[in-house]
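Here's the structure, in structure tokens; my notes come after.
Protein chains: 2
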Amino acid sequence: MNPANPSPVSAVRPAVDAALAEFMEHRRKLMAEIGPELVPVMDALDHMLAGGKRLRPAFCYWGWRGAGGAEIPEIGTAAAALEFLQACALIHDDVIDNSDTRRGRPATHRRLAALHERSGWDGDPAAFGRGAAVLIGDLCLAWCEEMYSASGLGEAALRAGRGPFDMMRTEVMAGQYLDMIEQERGGETVEAALRVMHYKSAKYTVERPLHLGAALAGRHDELAPVFTAYGVPLGVAFQLRDDVLGVFGDPAQTGKPAGDDLREGKRTLVVAETLSRARSGDADRFRTLLGDPALSAESVDWMRALITASGGLAACEQRIDDYTARASAALDTDAIAPEARAALADLIVAATARER
Amino acid sequence: MNPANPSPVSAVRPAVDAALAEFMEHRRKLMAEIGPELVPVMDALDHMLAGGKRLRPAFCYWGWRGAGGAEIPEIGTAAAALEFLQACALIHDDVIDNSDTRRGRPATHRRLAALHERSGWDGDPAAFGRGAAVLIGDLCLAWCEEMYSASGLGEAALRAGRGPFDMMRTEVMAGQYLDMIEQERGGETVEAALRVMHYKSAKYTVERPLHLGAALAGRHDELAPVFTAYGVPLGVAFQLRDDVLGVFGDPAQTGKPAGDDLREGKRTLVVAETLSRARSGDADRFRTLLGDPALSAESVDWMRALITASGGLAACEQRIDDYTARASAALDTDAIAPEARAALADLIVAATARER
Chain A
1 MNPANPSPVS AVRPAVDAAL AEFMEHRRKL MAEIGPELVP VMDALDHMLA GGKRLRPAFC
61 YWGWRGAGGA EIPEIGTAAA ALEFLQACAL IHDDVIDNSD TRRGRPATHR RLAALHERSG
121 WDGDPAAFGR GAAVLIGDLC LAWCEEMYSA SGLGEAALRA GRGPFDMMRT EVMAGQYLDM
181 IEQERGGETV EAALRVMHYK SAKYTVERPL HLGAALAGRH DELAPVFTAY GVPLGVAFQL
241 RDDVLGVFGD PAQTGKPAGD DLREGKRTLV VAETLSRARS GDADRFRTLL GDPALSAESV
301 DWMRALITAS GGLAACEQRI DDYTARASAA LDTDAIAPEA RAALADLIVA ATARER
Chain B
1001 MNPANPSPVS AVRPAVDAAL AEFMEHRRKL MAEIGPELVP VMDALDHMLA GGKRLRPAFC
1061 YWGWRGAGGA EIPEIGTAAA ALEFLQACAL IHDDVIDNSD TRRGRPATHR RLAALHERSG
1121 WDGDPAAFGR GAAVLIGDLC LAWCEEMYSA SGLGEAALRA GRGPFDMMRT EVMAGQYLDM
1181 IEQERGGETV EAALRVMHYK SAKYTVERPL HLGAALAGRH DELAPVFTAY GVPLGVAFQL
1241 RDDVLGVFGD PAQTGKPAGD DLREGKRTLV VAETLSRARS GDADRFRTLL GDPALSAESV
1301 DWMRALITAS GGLAACEQRI DDYTARASAA LDTDAIAPEA RAALADLIVA ATARER
């Protein structure tokens, strides 16, 4: 991003943070009245919400502004609701993948397992942590909708927004399920990886938040095609960058151990592009190593080298460039208000930057 | 229930079933478009939804009718949405408790684990089943809200209903979390068991659905106290009956192995009432056996005998009678429309019957 420009995310971050803080303060009181045991649940949630990049709220906000919506606090609240959906997705994803960390800190189920250990309770701390995290994710999903409905936007706007809001929730869960299936059945085609990215990332992270913003501003039908043309390729590029960082990223920046995606056996496009290019002996060894929880640093290095040498990495970088260019080209329209066009152009850079 | 009367649940069941079928048909198409792999997800959900007793929709419906609401299909749809919340709660509860069965059939996570086995995929079928069930529960929670909002009731009614609808979702998850905590820390006081029942059962199953119905009919503030006075004691009695059946019930009727609650170590009021009365040696042995997954039939028999001999069972039956009487007394008011009063009186019998 051009450091001379204010970040397109920072334009909405204060409103989003304030809306989340106010909502959480009210829920904290409510939960404490039900029982003091619920305080650690709220602490875990505060921690999870604080770490968000506010990317989905930013796309929702700029979808609204791009459709001519005014700069009013209510859109910040409606957009902030998406952070609860994302919190649910991440908390449950970490349970499903049995990931120990999230953004360099213990995952929610690990935090709750640690509470169990500290408290000296009976039973299995890990099982308690997982169960608690399932319930905390459920709370997030319920509160996402509660915050959306109580955003203060008019009934007609909220009703119009429900189309993309509903699709977004269904698609992200369907995409997560397809992702699990591909992982289990060892899917390794480019098509399979792209389908998962389409639902789990492209539509969920970029397209639907933009649609939601446009719908709330009363211009969904008019702007949906433009935002799809921009959002779907950008969302794929965003996920591809994430996948590349998941293999090559600096642990200090990604918050995950080096090569963690390889250890978890994620069936990303990076894997598909590598396996489709590598010689069969190398591909076989790669397959054997992929998903080995005890993967050594040497093996991670060997896998990285193959991803690079096979041309898999270059293919992914080329795709990022291509998808990014398609997203940029889609902004070449008068249908989107000028200030929003500039912000959406900056968001392309922010979402696909090599450093996070 | 007096067999001469039509069941107060059957009054709403056809509308609820029809609304669920229509909603699911639409979702089935949507999911199949995303990917044919999602068909088994919908099958699992159909199965889960088919087994519901429609108790929460019935209370919502009679809350509406009690507040003077007309017999229109839209209330059936809004009430049916609660079956999705219940499906989420049960699917996630079975994951959390690692329960193999639900209503005598494999739990959702076991169904998905079986799919994994049949498909011959890599990885751990049990882990896949749990992960898939987390996502399927999430879908249910999102669809609960989607169905509510799309019920066809007016915006003002839906807005008024959001208060109880929101509280209901927060309270059931908070109650489930407290339940987990009590189980882990070996809680055995009557007060602790009653607090869990208050949120997880009394408010969730009876009081809030009634409040929701009254709110949708525009009479929440007027009727909420009456429905609380009826709903909270009835909800506790309902859960107590469930807890007694969980220890003494016929597996053919409960759909769970005999003494399953004892094997799972549930910290129910039955346990609390027994431990507070048993001699210390017996209580110690009871504590040791409680929650042993390999509990033998002989040990189950011994525990049942202690629950009876200690007076724990009689105390629970006495509480069921007392709470039921309080619920009945609360109906002695002209605030509730006559037909609904009769139905709510029948629902007391239906919800606390010794046979299910």
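Respectively, the protein sequence lines represent chains A and B. For what it's worth, my numbering labels the leading residue of the first sequence as 1, then goes sequentially. For what it's worth, my numbering labels the leading residue of the second sequence as 1001, then goes sequentially. Idealized CB from N, CA, C, for every residue including glycine. On a predicted model such as this, the values are computed, not experimentally measured, just so you know.
- At the C-beta level, G265 (chain A) and Q183 (chain A) come within 8 Å of one another.
- Sequence-distant Cβ neighbours of E146 (chain A) in its own chain, meaning closer than 6 Å and more than five residues away, do not exist here.
- Going by DSSP, R1287 (chain B) is part of the alpha helix (DSSP H) stretching over S1280 to L1289.
- Around the beta carbon of V134 (chain A), 16 or more other beta carbons lie within 10 angstroms, which makes this residue buried.
- Interface criterion met: the Cβ of Y1177 (chain B) is under 8 Å from a Cβ in chain A.
- At the C-beta level, R102 (chain A) and R54 (chain A) stay beyond 8 Å of one another.
- Distances from the alpha-carbon of I348 (chain A) to those of A:P338, A:I336 and A:D321 put A:D321 closest.
- In the structure shown, the three-state DSSP call for R1102 (chain B) is strand.
- When Cβ-Cβ separations below 8 Å define contact, V1236 (chain B) makes no contact with chain A.
- Annotation for G218 (chain A): no alpha helix (DSSP H) segment contains it, and DSSP assigns it neither H nor E.
- In this structure, R1185 (chain B) and W121 (chain A) form a Cβ contact; the two beta carbons are roughly 5 Å apart against a cut-off of 8 Å.
- For E1022 (chain B), the closest alpha carbon among the candidates B:A1335, B:G1076, B:S1299 and B:P1008 is that of B:G1076.
- For I1181 (chain B), the chain A residues whose Cβ falls inside 7 Å of its Cβ are E37, in order along the chain.
- Of all C-beta pairs linking the region 234-251 of chain A to the region 79-88 of chain A, fewer than three are shorter than 8 Å, placing the two stretches out of contact.
- DSSP places I1075 (chain B) within a helical segment (H, G or I) once states are collapsed to three.
- Taking 8 Å as the threshold, the shortest C-beta distance from C1060 (chain B) to chain A does not fall below it.
- The three-state reading of DSSP puts K1203 (chain B) in helix, counting H, G and I together.
- Under the Cβ distance rule, V1226 (chain B) does not count among the residues neighbouring chain A, no pair being separated by less than 8 Å.
- The Cβ neighbour count for E1207 (chain B), taken over all protein chains shown within 10 Å, is at least 16; the residue is labelled buried.
- Shown here for F59 (chain A): same chain residues with a beta carbon closer than 6 Å to its own, the five before and five after excluded, namely V206, P209 and L210 in chain order.
- Here P73 (chain A) really is in contact with A15 (chain A); their C-beta atoms are around 6 Å apart, less than 8 Å.
- Counting only runs that start and end inside the region 137-200 of chain A, the alpha helix (DSSP H) elements of at least 4 residues fall at 155-184 and 190-197.
- The continuous alpha helix (DSSP H) containing L1313 (chain B) extends over residues G1312 to A1330.
- By the C-beta density criterion, D166 (chain A) is buried, having at least 16 other C-beta atoms within 10 angstroms.
- Interface flag for I1034 (chain B) against chain A is set, since a Cβ pair is found closer than 8 Å.
- Minimum Cα-Cα distance from L1090 (chain B) among the listed residues B:G1063, B:W1064, B:H1047 and B:P1125 corresponds to B:H1047.
- The DSSP assignment places no complete run of the beta strand (DSSP E) inside the region 1226-1259 of chain B (cut-off: 3 residues).
- Residue burial is scored here from C-beta neighbours: A305 (chain A) has fewer than 16 other C-beta atoms within 10 angstroms and is therefore classed as exposed.
- Shortest Cα-Cα distance from S296 (chain A) to any of A:G175, A:R263 and A:D284 involves A:R263.
- Within a 10 Å sphere around the beta-carbon of E1171 (chain B) sit 16 or more other beta-carbons, which makes this residue buried.
- For L1275 (chain B), same chain residues with a beta-carbon under 6 Å away, outside a window of 5 residues either side, are E1188 and A1283 in chain order.
- Residue-level contact check: F1286 (chain B) does not touch chain A, since none of the beta carbons of chain A fall below 8 Å from its beta carbon.
- Proximity of chain A to V1134 (chain B) at the Cβ level (cut-off 7 Å) is accounted for by H92, V95, I96 and V134, in chain order.
- The alpha-carbon of D346 (chain A) is positioned some 7 Å away from that of P8 (chain A).
- In chain order, E155 and R159 make up the part of chain A whose C-beta sits under 8 Å from the C-beta of E1155 (chain B).
- Residue-level contact check: L1141 (chain B) touches chain A, since one or more beta carbons of chain A fall below 8 Å from its beta carbon.
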